[in-house]
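Undergrad:
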Amino acid sequence: MRFGARPVVMLGGLLSSLGVFWASFSTSLLQLYLTLGFLTGFGWALAFAPVMGTLSRYFSSRRSLAMGLALMGNGLSSFAFSPLLRLLADSLAWRGALLATSALGLHLLVCGALLRPLSLRGDLSHSGPGFDLGLFAERGFAAFSLGAALLAAGYFTPYVHLEPYGRAMGLGPYEAAAVVSAASLSDALARLLAGGLADRRLLSPARLLVLCSALTACSLLLFPLASSFADALGLALLYGTSAGSFATVAFGVLPEIVGVSRVVNATGLCLMAMSVGGLLGPPLSGKGHFAYYYYYCLPQFGQTQAGTFENTVPPSCPLPSPSPCALHLSQHQGLFQGVFSSHEVAKVLEPQLQDLSFQ
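Going by the numbering used here, the sequence shown opens with residue 48, and the numbers climb by one from there.
Dropping the structure here:
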């Protein structure tokens, strides 16, 4: 880590907020792609990877629980920001909503300043300039990254397409929104519960990953069979629970594969691999225009295969014991995941952007 997590996270928060701010003055779709898409996404990436990697270094015995507390904010923000952004768009129009959202995103600068640098045994032996691309030469990390990339192709798809799918089923607008909110809320709660379960070691982390990915795939495989609001709501709850559990366990397993001293770099490289799958998944899934069975099932089939592949991979690095740190630090870390997400902003502003005249 050449610069440390604190300045990188603060820079990411500034860039993401500026991207949303400049997007409010866009006069073409290309400008929206460059500001709300590229610049904001680049800033979020700078903030997310160091936060998750640093949090892994803070804890040893309750690492998964700490990760669950931090990631819980992601699901809660999806639950809360959907109605908030809709209210802002209705009252301030889409430009005003983006301005308000950019102001909310500035809290990342404060959260980044709260990160405390921590020196661990083994940091000197693995320190060096740039990215440690040699991690991809290690079987454990390479397999984990491949599985994460395949998983990401299907992981984000439901949150993009679930609401229009509910509307196509015949659900009302509020019922369709309730299905998405149910998935987001159960996702948030499951992240916390999965962290506590993983720390108890009732199942090995790899087997727990496979179980979560299999349940996620099964819930989405059954969605085409849903015929009522109750069916869709139940499957959304199952999906949110299993998908949220997977997120917590996956980030908790990574330090055991590469070692705590390299976890920040490994987190960034793994997220880079996931971004490739996440970039391709939603567009490919929507290519068939409401071919729901295929664009839900095929990505999740790949997700299940990835989880099975991960289960066969032994750790490539023993787990060193980091210095203990107070658990209250995780409360600050949880703030990082309260940021809005790009698909939430786009989903809420879509009705106004569809007829965009940029006047």
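Glycine is no exception: its CB is placed at the ideal position from the N, C-alpha and C atoms.
The structure presented is a predicted model; accordingly, all values stated were derived computationally and were not measured.
(1) For Leu102, count neighbouring Cβ atoms within 10 angstroms of its own Cβ and tell me buried if that reaches 16, exposed if not.
(2) Within a Cβ cutoff of 8 Å, which residues of the same chain sit near Leu86, ignoring the five residues on either side of it in sequence?
(3) Could you tell me whether the Cβ atoms of Ala229 and Leu284 are closer together than 7 Å?
(4) Is Ala189 near the ligand FMN, judged by its Cβ being under 6 Å from some heavy atom?
(5) Would Phe270 pass as a contact of Leu282 if the rule is Cβ separation under 7 Å?
(6) Rounded to the nearest angstrom, what separates Pro252 and Val296 at their Cα positions?
(7) For Phe72, which of Tyr212, Gly143, Gly59 and Leu180 has the nearest alpha-carbon?
(8) From Leu83 to Ala94, what distance separates their C-alpha atoms?
(9) Indicate whether Leu198 and Leu316 have their beta-carbon atoms separated by less than 7 Å.
(10) Classify Pro164 as helix, strand or coil using the three-state DSSP reduction.
(11) Please state whether the Cβ-Cβ distance between Phe298 and Met114 is less than 7 Å.
(12) With three or more beta-carbon pairs closer than 8 Å as the criterion, would you say the region 306 to 313 touches the region 286 to 294?
(13) Can you give me the C-alpha to C-alpha distance between Leu153 and Pro97, rounded to a whole angstrom?
(14) If we require 4 or more residues per run, which alpha helix (DSSP H) segments fall completely within the region 59 to 85?
(15) Only counting the same chain, and skipping five residues up and downstream in sequence, which positions put a Cβ closer than 7 Å to that of Ser266?
TA: If we stick to the structure as given:
(1) Around the beta carbon of Leu102, 16 or more other beta carbons sit within 10 angstroms, so the residue counts as buried.
(2) Excluding positions up to five away in sequence, the list reads Leu62, Ser63, Leu65, Gly66 and Trp69.
(3) Taking 7 Å as the cut-off, the Cβ atoms of Ala229 and Leu284 count as close.
(4) Of ligands this structure carries none, so the ligand FMN is not represented either.
(5) When the beta-carbon positions are compared, Phe270 and Leu282 come within less than 7 Å of each other.
(6) Spanning the two alpha carbons is a distance of roughly 7 Å.
(7) Closest by alpha carbon: Gly143.
(8) Here the alpha carbons of Ala94 and Leu83 stand approximately 16 Å from one another.
(9) No, they are not a contact pair.
(10) Of the three classes helix, strand and coil, the one that applies to Pro164 here is coil, per DSSP.
(11) Going by C-beta atoms, Phe298 is nearer than 7 Å to Met114.
(12) When C-beta atoms of the region 306 to 313 are compared with those of the region 286 to 294, fewer than three pairs fall below 8 Å, so the two segments do not count as touching.
(13) When rounded, the distance between both Cα atoms is 17 Å.
(14) The qualifying runs are 76 to 79.
(15) Excluding positions up to five away in sequence, the list reads Leu282, Leu285, Tyr286 and Ser289.
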